[in-house]
Amino acid sequence: MNMHEHARAAGPWPGRWSARFVSGLILALAAGMAATPAAASRLVIDKDWTFRLLPGHAQGNTHVEALPSRAATVPGTVHTDLLAHGVIPDPYVGAPEGGLQWIGLADWEYRTSFDVPAATLRAARSDLVFAGLDTFAEVWLNGVRLFEADNAFRTWRVPVEGRLRAEGNILRVVLRSPIAKMLPQVAAMPHKIAGNYPSPYGDEPQDAMTGNFVRKPGYYYGWDWGPRYVSAGITKPVVLQSWDVVRIDDLQLRQDRVDAARAEVSAIAALDVVRAKRAELRLWQTAPDGKRTLAASRRVDLAAGANRIALPVRVDYPQRWFPNGYGAQPLYRYELEVRDGRETLATHAARTGLRSVELRRDPDARGSSFHFVVNGIPVFAKGANSIPFDMFQPRVSREQLRRVLESARNANMNMLRSWGGGYYEGEDYYDLADELGLMVWQDFMFGGGMQPAYDEAFRASVVHEARDQVRRLRNRPSVVLWCGNNEEEIAWKYWGHRKTLEKADPAFADRVWKGYVQLFGVDLRKVVEQEGGGIGYWSSSPGNDLQEVANTPAAGDMHYWEVWGNPAHPVSTYLDVTPRFMSEYGLQAWPDQRTIDAFARRDQQRIDHPVIEAHQKFMAGKGNARLLKYVRDEFGEPADFAGFAYLSQAMQAEGIELAALHHRRSRPNTMGSLYWQLNDVWPGASWSGIDWFGRPKALQFHARRFFAPVALAALRDAAGNTKVSLLNDRTHAVQGELRTRVMTLDGKLLRDERKAVEIAPLSAFEAAGYVDADLLGGADPASTFAVFDLRAEGEPASRGVVYFAPAKEIAWVDANLRAALRRDGDGYVVEIEAARLARAVWIDFGALDAELSDNALTVLPGERVQLRLNSTANEDALRAAMNIRSLSDAVRAITTTP
């Protein structure tokens, strides 16, 4: 009831109270209630949005279909909103890319109407907060322009108290074309700085690329694994935050010391206070076992404005967070309360894992080491580079991320490099990384080319962006490194742009490089030092932190692209390069047949078809020539496109396995192997191990084996030398047995030896070495192979198979592969048997959804292998759809094709 209703219900007033007194009392009580401090409130503005191509824009003359106002999804993008209404075709199906470039040249308007609760209208402070405005945005509220944004990676906060009304607030956002906005000034530059991938569609000149002048996801402008869709949108929730007394802006959980005995944490609260006030801060800790305790409390005098208050926390015998393979991932939750007596004015929660981490760079005879030490353990980093999970970030689901990141964890990965040409991932990515034990090497969002860092306003915007992102992610136990950029330093030093620019305009070239050093050597380093809570900073990948020589095996991290890239060395060349930390290397492959069928009809599936070329972005669509070279080198000429896709996956998996095992056997000189790349941004040919639908390629199955904590590396080089190394990432010694066999393809045993082995903790050592004659002993190299098996106590078996000739020169015969399926509990078992050697065995179930526990196998003559199968399809359908093939089928088909 309202105040007047309460007065009537109370009965007659005493006669001595005058009407004026009663009226005054009511007004005073009402005013008192209105002035009672209220806890901070949060209103998400995500309903009733509409969008349209901005009226009067030139693109409206040729694209009238985009002019009507239509319902929009926020968070979202222009492309996905247009797609939802059928205005454009699916950007991923067929080859529509060229016809959709007008979207990036247009200006767009988003609009909504929202009501505001009475308490919010009365609040002392109200801010509109935009965490994702992509990119050049003008924001209007009730006809008044609030601000202009120019950085998609910043959080924009603007006060709006006094500008709100109870009903019908109109919020309007105009998104300007980044190309149209930047092109005049870029085109006017007498000498250009290097961009990334020139547009083939004419939406901007190839010699005046605008993407690196804009703080916007770089991959929107096209990459060698994804299309060019220069989108725009409101990509994160729009929130109205209101408060009367205090708002908790941030809670940093700075880990000052963590070891087995205790953890010392500084819980640092950043508070925005309306007016000076005395209050109590309480910090509650919820341990991984669910036990909740008061970790710290303090009475403080809060000053009006920004306050920064530290609460010391001590945890005895903490449950420490470890990377995958080294221990569990317990997480602690902390909740901060700001209280005034019994009233809670504001709360804020944060989660972290307690661990120590450092990047070690110890000098030695070769140069200096590069490795991560977590909780005192030198960790060999095993993993891959992650790229954006979709061209349109807001539609990436937690389930999609979980599928890929769990696959990474199951493949024994412990690190992902979040690459700098995309966007800073959302909370779901880091939640999953924290929970799965996946360390994150986090790039700042600079993917290539050169930046206009000579411009002070540009640098200032980047510094603001960096503070936002480092503060957002600094409590994450998974984040172990911040890196300034991807490949910009080596591009400047070694790819020719510096020489060209120095010849044309030495003074400008000097400004460009000095701006680069200021931004990546000084500014971002300072942000990480001030805000990162002790996490290390690395100026560029690959590099040696601005030393003269970059991308060297002696120190720092390396990207190695002389296999696959230029000069396209053979895969065996991986064995010639022994880096300190390999953060990029890769081989391409086509995805699963189901994935290819999703964007190309079967009659379009040939190497030179426009649809296939549209989904092959390397070498501007002609990358199949490079991929075919590597397939031919090992296997010969594919019989058809399906065979090409299958052989490309076999080549990719075997090649990356060779490199990764070489890196692992080179421990401790080499302490990291991150291949390019984990995932896909859309369906097509790429270097990924998991395609856009989440379907694993052969590489992902191989990775689980070559990244196993205890493994065997049997690697043969181009000169015919085979070295067998034993690898142990465990923190304890491992005992086992090494078995060496030499066999013919049909199973005749020529040699069989066994010996007991012990592998020291955190080590790799060479157990045996051979030349071909040692193993063959006069046998025919075209029909003979060697197989090495390691069986260690408590560990999955590890196997290495050595061939003495390329697959195309081996005398393959029908492996007589058989597969049987049977029901087993809630799932199925598939049993495989081969009469003769079966290499690159691949099982699929056509269009049915089915997940196998393993695939891409080598099955020895007479060997039986059992695999688990999970599927919602019935047994009869699975049995009818099951298809099994091996390399002997593909290579014999190639040999016999007319």
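When we follow UniProt numbering, the leftmost residue of the sequence shown carries the number 1, and every step to the right adds one.
Ideal placement from N, C-alpha and C gives every residue a C-beta, glycine not left out.
Distance, residue 554 Cα to residue 605 Cα: Translated into positions along the sequence shown, residue 605 becomes position 605. Translated into positions along the sequence shown, residue 554 becomes position 554. C-alpha separation (whole angstroms): 45 Å.
Chain-order list of residues whose beta-carbon lies under 6 Å from that of residue 293 (same chain, five-residue window excluded): What you label residue 293 is simply residue 293 of the sequence shown in a count that begins at 1. Same-chain partners within the cutoff: 285.
Boundaries of the alpha helix (DSSP H) in which residue 461 is found, first to last residue: By 1-based counting over the sequence shown, the position of residue 461 is 461. Unbroken alpha helix (DSSP H) run through residue 461: 456–473.
Terminal residues of the alpha helix (DSSP H) in which residue 41 lies: Residue 41 sits at position 41 when you count from the first residue of the sequence shown. No alpha helix (DSSP H) contains residue 41, which is instead part of the beta strand (DSSP E) from 41–44.
Residues sharing a beta bridge with residue 752, DSSP: As a working note, residue 752 is residue 752 in the sequence shown. For residue 752, which the question treats as bridged, DSSP gives the partners 741.
Buried/exposed call for residue 588, threshold 16 Cβ in 10 Å: In the sequence shown, residue 588 corresponds to position 588, counting from 1. It is buried - the Cβ of residue 588 has at least 16 other Cβ atoms within 10 Å.
N-terminal and C-terminal residue of the alpha helix (DSSP H) that residue 648 is part of: By one-based count along the sequence shown, residue 648 stands at place 648. Residues 641–665.
Alpha-carbon spacing of residue 394 relative to residue 76, whole angstroms: Working through the sequence shown from its first residue, we reach residue 394 at position 394. Working through the sequence shown from its first residue, we reach residue 76 at position 76. Near 5 Å, if we compare the C-alpha coordinates of residue 76 and residue 394.
For residue 285: DSSP bridge partner residues: For the purposes of this step, residue 285 is taken as residue 285 along the sequence shown, with counting starting at 1. Bridge partners of residue 285: 293, 334.
Whole-angstrom distance between residue 707 and residue 415, CA atom to CA atom: Your numbering for residue 415 matches position 415 in the sequence shown. Your numbering for residue 707 matches position 707 in the sequence shown. Going by the C-alpha atoms only, they are around 11 Å apart.
Own chain residues within Cβ distance below 7 Å of residue 889, not counting five before or after: Within the sequence shown, numbered from 1, the residue matching residue 889 stands at position 889. So no residue of the chain qualifies.
Residue closest to residue 58, alpha-carbon to alpha-carbon, out of 822, 506, 107: Here residue 58 corresponds to residue number 58 of the sequence shown, with the count starting at 1. Nearest C-alpha to residue 58: 107.
Exposure label - residue 203; buried when at least 16 CB within 10 Å: Along the sequence shown, one-based indexing puts residue 203 at 203. Label assigned to residue 203: buried.
Whole-angstrom C-beta distance between residue 722 and residue 647, which should lie under 8 Å: On the sequence shown, position 647 is the one that residue 647 refers to. On the sequence shown, position 722 is the one that residue 722 refers to. At roughly 24 Å, the Cβ-Cβ gap does not stay under 8 Å, so residue 647 and residue 722 are not in contact.
For residue 210 and residue 188, the rounded distance between their alpha carbons: In the sequence shown, residue 188 corresponds to position 188, counting from 1. In the sequence shown, residue 210 corresponds to position 210, counting from 1. One C-alpha to the other measures close to 12 Å.
Where residue 596 sits in the DSSP three-state scheme: For the purposes of this step, residue 596 is identified with residue 596 of the sequence shown, where counting begins at 1. DSSP places residue 596 in helix when its eight states are reduced to three.
Boundaries of the alpha helix (DSSP H) in which residue 392 is found, first to last residue: Your numbering for residue 392 matches position 392 in the sequence shown. Here residue 392 belongs to no alpha helix (DSSP H), and DSSP marks it neither H nor E.
Residue 489 - DSSP class collapsed to helix/strand/coil: By 1-based counting over the sequence shown, the position of residue 489 is 489. Residue 489: helix per DSSP, three-state reduction.
Rounded distance between the beta-carbons of residue 670 and residue 580, thought under 8 Å: Along the sequence shown, one-based indexing puts residue 580 at 580. Along the sequence shown, one-based indexing puts residue 670 at 670. Residue 580 to residue 670, Cβ: 6 Å. Contact.
Residues that DSSP places opposite residue 50 in a beta bridge: Looking up residue 50 in the sequence shown gives position 50. Looking at the DSSP assignment, residue 50 forms a beta bridge with 71, 111.
Identity of the residue in 567, 190, 164, 208 nearest residue 180 by Cα: Residue mapping note: residue 180 aligns to position 180 of the sequence shown, counting from 1. Selected option, being the one with the closest Cα: 208.
Residue 302 beta carbon less than 9 Å from that of residue 270: On the sequence shown, residue 270 is found 270 positions in, with the first residue counted as 1. On the sequence shown, residue 302 is found 302 positions in, with the first residue counted as 1. No, they are not a contact pair.
Backbone secondary structure at residue 547 - three-state DSSP: For the purposes of this step, residue 547 is identified with residue 547 of the sequence shown, where counting begins at 1. Note: residue 547 maps to coil in three-state DSSP.
Option nearest residue 595 by Cα separation, candidates 609, 111, 511, 691: For the purposes of this step, residue 595 is taken as residue 595 along the sequence shown, with counting starting at 1. Of the listed residues, the one whose Cα sits closest to residue 595 is 691.
Contact set for residue 505: own chain, Cβ-Cβ below 8 Å, skip 5 residues either direction: Counted from its first residue, the sequence shown places residue 505 at position 505. Excluding sequence neighbours, residue 505 sits near 190, 191.
Whether residue 746 touches residue 813 by CB criterion (9 Å): Taking the first residue of the sequence shown as 1, we reach residue 746 at position 746. Taking the first residue of the sequence shown as 1, we reach residue 813 at position 813. Result yes, Cβ atoms of residue 746 and residue 813 sit closer than 9 Å.
Cβ-Cβ distance between residue 672 and residue 444 below 9 Å: Taking the first residue of the sequence shown as 1, we reach residue 672 at position 672. Taking the first residue of the sequence shown as 1, we reach residue 444 at position 444. No.
Local Cβ density within 10 Å of residue 134, reported as buried at 16 or more and exposed below that: Stepping through the sequence shown from its first residue, residue 134 is reached at position 134. Residue 134 is buried by the Cβ-count criterion.
Rounded C-alpha distance that separates residue 724 from residue 512: In the sequence shown, residue 724 corresponds to position 724, counting from 1. In the sequence shown, residue 512 corresponds to position 512, counting from 1. Whole-angstrom Cα-Cα distance: 49 Å.
Identity of the residue in 537, 145, 154 nearest residue 899 by Cα: The chain is shown from 1 up to 898; residue 899 falls before or after that span and cannot be answered.
Member of 455, 541, 754 whose CA lies at the smallest distance from the CA of residue 492: The residue given as residue 492 occupies position 492 in the sequence shown. Ranking the options by Cα distance to residue 492, first place goes to 541.
As assigned by DSSP and simplified to three states, the class of residue 326: Locating residue 326 in the sequence shown gives position 326, counting from the first residue. Residue 326: coil per DSSP, three-state reduction.
Local Cβ density within 10 Å of residue 62, reported as buried at 16 or more and exposed below that: Numbered from its first residue, the sequence shown carries residue 62 at position 62. Classification for residue 62: exposed.
Continuous alpha helix (DSSP H) stretch holding residue 508: start and end: Start at 1 with the first residue of the sequence shown, and residue 508 comes out as number 508. Run containing residue 508: 506–516, per the alpha helix (DSSP H) assignment.
Chain D within 9 Å of residue 386, Cβ atoms only: Absent from the structure is chain D; it holds one protein chain and no more.
Presumed contact (8 Å Cβ cut-off) between residue 754 and residue 766, rounded CB distance: Position 754 of the sequence shown, counting from 1, holds the residue named residue 754. Position 766 of the sequence shown, counting from 1, holds the residue named residue 766. The pair is not a contact, with the Cβ atoms about 18 Å apart (cut-off 8 Å).
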